[in-house]
Amino acid sequence: MPSQDTLRQHKVLALFGERLLDPDCWFCNRHSAAVAVGAGLFAAWLPLPMHTLAAVALALGLRGYLPLAIAMVWVNNPVTLAPMYYLAYRFGAHLLGSPELDLDGPLEQEALAAALPLLTGALLLGLASALLGWLLVQLGWRAKVLFSWWLRRQSRKP
Numbered sequence: 001m002p003s004q005d006t007l008r009q010h011k012v013l014a015l016f017g018e019r020l021l022d023p024d025c026w027f028c029n030r031h032s033a034a035v036a037v038g039a040g041l042f043a044a045w046l047p048l049p050m051h052t053l054a055a056v057a058l059a060l061g062l063r064g065y066l067p068l069a070i071a072m073v074w075v076n077n078p079v080t081l082a083p084m085y086y087l088a089y090r091f092g093a094h095l096l097g098s099p100e101l102d103l104d105g106p107l108e109q110e111a112l113a114a115a116l117p118l119l120t121g122a123l124l125l126g127l128a129s130a131l132l133g134w135l136l137v138q139l140g141w142r143a144k145v146l147f148s149w150w151l152r153r154q155s156r157k158p
């Protein structure tokens, strides 16, 4: 982990100020892990650069575990980027009833025509992914605790 001085001196991270150094954002528990997974997955779907900054901002605002939020952003990587955004575009176009793009006009017009369906699909899929990730962490953490209790009870039996 980087030191607090390293984080303070980083130009981009200075946007978040002292909130970045809040110990609650560097401690992993069920709530902070679930929030971090949700924040990271939501940010991964956003069709903009600097996904990590979006995940950090969400995790700080919702008191999530920062390292996990940053790691979850990497669901969107060079291999998955095109399929994720294509799925988001298709989903958004279906919801909005947009016609299929012909890609025979000027690139600027085609990009503008694809922007609204892409953004709509990305935001909705990001929200769904975030909620599902949050729920799975909550349920998984609870199952782990229950299993640990069960093992402890089994070890105490004569």
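Just so you know, UniProt numbering puts 8 at position 8 of the sequence shown, and the rest follows in order with no gaps.
Every residue, glycine too, gets a C-beta built ideally from N, C-alpha and C.
So residue i is in the alpha helix (DSSP H); what residue range does that whole segment cover?
{"i": "Y65", "result": "Element bounds for Y65: n/a, residue is neither H nor E."}
{"i": "P19", "result": "Looking at the sequence shown, residue 19 is not Pro but Arg. R19 -> no alpha helix (DSSP H), and no H or E assigned at all."}
To the nearest angstrom, how far is the alpha carbon of residue i from that of residue j?
{"i": "W74", "j": "G126", "result": "14 Å"}
{"i": "L101", "j": "E110", "result": "7 Å"}
{"i": "L15", "j": "A57", "result": "10 Å"}
{"i": "F147", "j": "A128", "result": "28 Å"}
{"i": "N76", "j": "A55", "result": "12 Å"}
{"i": "D24", "j": "I70", "result": "16 Å"}
{"i": "residue 168", "j": "K144", "result": "For the chain, the structure presents residues 1 to 158; residue 168 sits outside this window and is missing."}
For residue i, would you say it is in contact with chain C, using Cβ-to-Cβ distances shorter than 8 Å as the test?
{"i": "W45", "result": "Looking at the structure shown, chain C is missing, and only one protein chain is on hand."}
Which same chain residues end up closer than 7 Å to residue i when comparing Cβ atoms and leaving out the 5 residues on each side of it in sequence?
{"i": "A93", "result": "P117"}
Excluding the 5 residues flanking residue i on each side, which residues of the same chain have their C-beta closer than 6 Å to its C-beta?
{"i": "A88", "result": "L118, G121, A122, L125"}
Assess, as a yes-or-no matter, whether the region 127–146 is touched by the region 30–37 under the definition of 3 or more beta carbon pairs within less than 8 Å. yes
Using 8 Å as the Cβ pair cut-off and three pairs as the minimum, do the region 54–65 and the region 25–32 touch? yes
Extract the residue ranges of the alpha helix (DSSP H) inside the UniProt domain "DUF2062" (15–148), only unbroken runs of 4 or more that lie entirely within it. 30–45, 51–62, 66–73, 81–96
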